[in-house]
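Here is the structure we will look at, set down as structure tokens.
There are 2 protein chains.
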Amino acid sequence: EGADTVALVSELDVHVGEIMSPPIGTVSPDTTVAGAIDNLVHRKSVTEVTYFYVVTQSGVLQGTVTLRDLLLSKPGQVLSEIMTVDPFSFSPETPLSEAVQAALGKRYRLYPVTDEEGVLQGIVYGWQLFESVAGEINAQTGTLVGLDKEERISTPFLQSFRMRHPWLQVNLLTAFAAAFVVGAFENTIAQIVALAVFLPVLAGQSGNTGCQALAITLRGITLGELGDYPVRKLVFKELALGAMNGFIVGLVAAAAMWIYAASDGTEAPALLALVILVAMTGACMCSGLFGVMVPLTLQRWGADPAMASSIFLTTMTDIVGMGLMLALATAIVL
Amino acid sequence: EGADTVALVSELDVHVGEIMSPPIGTVSPDTTVAGAIDNLVHRKSVTEVTYFYVVTQSGVLQGTVTLRDLLLSKPGQVLSEIMTVDPFSFSPETPLSEAVQAALGKRYRLYPVTDEEGVLQGIVYGWQLFESVAGEINAQTGTLVGLDKEERISTPFLQSFRMRHPWLQVNLLTAFAAAFVVGAFENTIAQIVALAVFLPVLAGQSGNTGCQALAITLRGITLGELGDYPVRKLVFKELALGAMNGFIVGLVAAAAMWIYAASDGTEAPALLALVILVAMTGACMCSGLFGVMVPLTLQRWGADPAMASSIFLTTMTDIVGMGLMLALATAIVL
Chain A
502 EGADTVALVS
512 ELDVHVGEIM
522 SPPIGTVSPD
532 TTVAGAIDNL
542 VHRKSVTEVT
552 YFYVVTQSGV
562 LQGTVTLRDL
572 LLSKPGQVLS
582 EIMTVDPFSF
592 SPETPLSEAV
602 QAALGKRYRL
612 YPVTDEEGVL
622 QGIVYGWQLF
632 ESVAGEINAQ
642 TGTLVGLDKE
652 ERISTPFLQS
662 FRMRHPWLQV
672 NLLTAFAAAF
682 VVGAFENTIA
692 QIVALAVFLP
702 VLAGQSGNTG
712 CQALAITLRG
722 ITLGELGDYP
732 VRKLVFKELA
742 LGAMNGFIVG
752 LVAAAAMWIY
762 AASDGTEAPA
772 LLALVILVAM
782 TGACMCSGLF
792 GVMVPLTLQR
802 WGADPAMASS
812 IFLTTMTDIV
822 GMGLMLALAT
832 AIVL
Chain B
502 EGADTVALVS
512 ELDVHVGEIM
522 SPPIGTVSPD
532 TTVAGAIDNL
542 VHRKSVTEVT
552 YFYVVTQSGV
562 LQGTVTLRDL
572 LLSKPGQVLS
582 EIMTVDPFSF
592 SPETPLSEAV
602 QAALGKRYRL
612 YPVTDEEGVL
622 QGIVYGWQLF
632 ESVAGEINAQ
642 TGTLVGLDKE
652 ERISTPFLQS
662 FRMRHPWLQV
672 NLLTAFAAAF
682 VVGAFENTIA
692 QIVALAVFLP
702 VLAGQSGNTG
712 CQALAITLRG
722 ITLGELGDYP
732 VRKLVFKELA
742 LGAMNGFIVG
752 LVAAAAMWIY
762 AASDGTEAPA
772 LLALVILVAM
782 TGACMCSGLF
792 GVMVPLTLQR
802 WGADPAMASS
812 IFLTTMTDIV
822 GMGLMLALAT
832 AIVL
């Protein structure tokens with residue numbers, strides 16, 4: 502099935518060499534047009550040759566000849582006269598993300614793969630490149646929350662359970678970390694219950710801000726853009742965005758806290774509002790930072806940068822968001 | 502740029518007719534092989550023809566002729582003798598997701614597009630199909646949390662801010678809904694502060710369970726699998742998965758609550774543990790249900806099924822998860 506083919510392919514760190522096929526249609530430079538057509542006619546599968554690859558005796562790729570070139574030439578001409586010299590080629594070490602970028606510009610059906618001496622090592626189809634990246638990207642949304650790349654809506658119940666459950670246990674463990682932080686301020690909450698009401702607001706905002714930064718970073722990794730773009734610049738941008746988004750959202754949330762606390766009879770509603778504003782700004786800045794660093798760290802460790810990244814991220818944003826609010830309230834208001 | 506090309510394409514409800522190009526290389530059935538080669542030689546751009554499309558005077562597509570067919574035939578033969586009759590073709594109304602499924606199996610470079618009378622309307626390239634879906638899928642991870650499809654790591658700061666901020670305000674508004682529910686139980690929390698500590702645990706687990714269901718549903722929509730798979734079956738599966746995952750995770754969380762409440766001197770630790778178990782199971786079942794229904798509802802309303810779906814989803818799971826725990830505690834423990 503097509504869908505499964507898409508799903509079964511490749512990690513982000515796959516290279517062209519791992520998906521290429523052995524070369525088909527290699528010929529020597531002195532082959533004539535008539536000889537090449539003869540070669541074509543006598544193949545078992547006449548459809549398999551898209552290009553002829555003109556290679557020297559030592560296997561170095563000199564040029565390519567299309568069927569169109571053969572049609573437009575005289576039978577006696579030799580291929581070295583009509584070939585396209587120095588054709589575009591990949592190296593076996595070219596990362597797939599880079600190869601896809603190149604293929605989007607060229608849109609050939611087939612690409613030769615040559616080593617550093619120019620020796621033809623294999624061929625790779627354009628659709629293979631697209632398919633591998635489409636599969637990778639398709640899996641990403643689910644991977645963030647611990648959904649296996651291979652899972653489909655038609656996956657049997659018990660298999661789905663086995664695939665998803667371990668990550669939910671990991672999530673529980675990380676949620677305990679956030680709960681531990683909240684627990685440390687149990688005394689504060691007992692005195693100012695309004696803070697408990699704002700726990701989901703802090704967690705939700707910093708989590709969503711962090712996930713935006715996470716998604717843009719994963720987008721950059723997948724499309725191979727992070728090679729040219731300095732990580733420091735991305736970190737600063739997300740920190741600044743977190744500060745600005747957190748401050749503005751924090752103003753609204755602070756106003757809500759003021760109204761809530763005042764109507765509730767809680768003491769020092771203005772101070773509580775200030776706590777929310779500062780905590781929201783700080784938490785969203787950290788979320789921007791974590792959103793960039795979580796996938797990059799996973800990648801540096803050799804893991805899939807998307808794998809369960811949202812689970813790790815939201816734990817960190819939960820801890821910082823709720824912890825900052827409770828710590829500030831304890832320090833300023835109590 | 503390649504990456505931008507990927508990004509700029511198409512919504513999920515695009516059809517083949519909207520991305521097809523006008524046909525190139527149409528010829529009449531009585532054209533000879535020599536005539537077709539002559540046609541090829543006299544084109545401005547010799548590379549533009551991949552297939553000759555043999556059409557009747559009324560424009561009905563009868564067959565296709567490849568350059569390879571021309572090479573292997575005699576100059577005097579007419580194309581109707583050597584063409585592949587009844588070639589595979591798309592209709593202008595074929596949805597892109599379906600076309601990609603078909604293209605993954607066939608892997609042609611180019612597909613003809615014909616209307617219900619068989620009249621050739623245009624052609625569509627294999628890479629166009631892959632590109633459009635890759636772009637769609639690539640955007641999805643970010644779309645869930647309100648990240649614009651067009652945003653890149655290199656997008657200027659203020660533009661990023663303008664693109665992301667509105668969704669953060671939406672998220673804040675929905676977080677207030679969850680806070681409102683918690684606020685309704687302020688009295689319960691004031692009496693049993695341990696419940697506040699478990700708020701992030703409930704919210705985190707039901708949110709992650711819901712996002713798994715959301716991701717698998719979006720995967721099904723994007724890959725066009727939901728056409729053949731009944732929604733009711735998917736809902737039942739996700740409800741059952743939520744129940745099983747919620748129950749097992751709930752057992753661990755209940756044990757943690759028991760230990761925490763007991764060591765804390767809170768009254769009725771066993772009852773609180775039961776509250777956690779029931780709330781976790783119920784919340785995760787609702788998360789499974791919402792995870793399927795949120796994208797399907799967005800789609801039914803004519804919206805992008807991924808758009809901000811995780812924001813809507815986590816609000817609902819927050820409300821059910823935390824609300825169920827606090828309501829149960831109020832009813833059973835107080």
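Chains as they are written, first to last, in my numbering: chain A, 502 to 835; chain B, 502 to 835. Even for Gly, the Cβ is constructed at its ideal location relative to N, Cα and C.
Check	Outcome
Proximity below 7 Å, CB of B:Y552 to CB of B:T567	yes
Three CB pairs or more closer than 8 Å across the stretch 757-774 of chain A and the stretch 800-814 of chain A	no
Ordered list of alpha helix (DSSP H) runs contained in the stretch 519-546 of chain A, each at least 4 residues	534-542
Whole-Å CB distance - B:L621 paired with B:P524, under 8 Å assumed	5 Å
In DSSP terms, what B:I690 is bridged to	B:I690 is not bridged to any residue.
Beta carbon proximity, B:I690 to chain A, threshold 7 Å	yes
Span of the alpha helix (DSSP H), counted from its first residue to its last, around A:P576	No alpha helix (DSSP H) holds A:P576; DSSP gives it neither H nor E.
Contact set for A:D616: own chain, Cβ-Cβ below 8 Å, skip 5 residues either direction	S592, P593, Q622
Neighbour list for B:M823 in chain A, Cβ cutoff strictly below 8 Å	P701
Meets three-Cβ-pair contact criterion under 8 Å: the stretch 702-716 of chain B and the stretch 727-738 of chain A	no
Chain A within 7 Å of B:S661, Cβ atoms only	yes
Rounded Cβ spacing between A:A807 and A:T656 (contact assumed at less than 8 Å)	The pair is not a contact, with the Cβ atoms about 19 Å apart (cut-off 8 Å).
Given 8 Å, three or more beta-carbon pairs between the stretch 673-680 of chain A and the stretch 662-678 of chain B	no
Endpoints, the alpha helix (DSSP H) within which B:P770 is located	770-801
7 Å Cβ cutoff met for B:L572 and B:V534	no
Nearest-angstrom Cα separation, counted from B:Q692 out to B:E652	47 Å
B:V646 in three-state terms, based on DSSP	coil
Proximity of A:A704 and A:G824 at Cβ, strictly below 7 Å	no
According to DSSP, residues forming a beta bridge with B:L605	BP columns for B:L605 are empty, so no partner.
Cutoff 7 Å: A:G728 Cβ touching any chain B Cβ	no
Rounded straight-line distance, which links the Cα of A:I654 to that of B:G721	6 Å
Bridge-paired residues (DSSP) for B:G721	Partner(s): none; B:G721 has no beta bridge.
Distance, A:A697 Cα to A:K734 Cα	36 Å
Reference A:L700; option with closest CA among A:D531, A:I583, A:T818, A:A763	A:T818
Contacting positions in the stretch 739-751 of chain A - beta carbon closer than 8 Å to chain B	A741, L742, M745, N746, I749, V750
Residue range of the alpha helix (DSSP H) that includes A:Y761	732-765
The alpha helix (DSSP H) enclosing B:G623, as first and last residue numbers	Careful: B:G623 lies outside any alpha helix (DSSP H), inside the beta strand (DSSP E) at 621-626.
Interface flag, B:V510 vs chain A, CB-CB below 7 Å	Legend: pLDDT at B:V510 = 32, less than 50; position of this residue unreliable, value from coordinates given subsequently. Not closer than 7 Å to any Cβ of chain A, the Cβ of B:V510 fails to qualify, so no.
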